[in-house]
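In the numbering used here, the protein residues as written are 9 to 99.
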């Protein structure tokens, strides 16, 4: 399922209600809803995902914002995310 044109807050804080307890993959289109913003909104989403979803699903971010891509890399390098990928047009 998808919810179009909706920002990550508040929906990014209710992941279990939208995705169930054990999704294999989650994604969010930051390029559509969070343009020009820093990585703080993504960081809140990632923190919620790692706390609410015990299986730590793969995260696909549809965005190529340098700050948000760096955040994904840091969380993956530290082992807080098991797997993450960012896709989109180069800025």
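A virtual CB, placed ideally from N, CA and C, is assigned to each residue, including glycine.
Being a predicted model, the structure only gives us computed values, none of them experimental.
Using three-state DSSP, classify residue 47 as helix, strand or coil.
-> coil
What first and last residue would you give for the beta strand (DSSP E) that runs through residue 61?
-> From DSSP, residue 61 is part of no beta strand (DSSP E); its letter is neither H nor E.
Cross-strand partners of residue 67 (DSSP beta bridge) | 34, 92
Measure how close the beta-carbons of residue 5 and residue 73 come, nearest whole angstrom, since I'm counting them as under 8 Å.
-> Coverage of the chain is limited to positions 9 through 99, which leaves residue 5 absent and any answer about it impossible.
Report back the beta-carbon spacing between residue 57 and residue 50 to the nearest angstrom; my notes put them in contact at under 8 Å.
-> Not confirmed; about 10 Å, so no contact.
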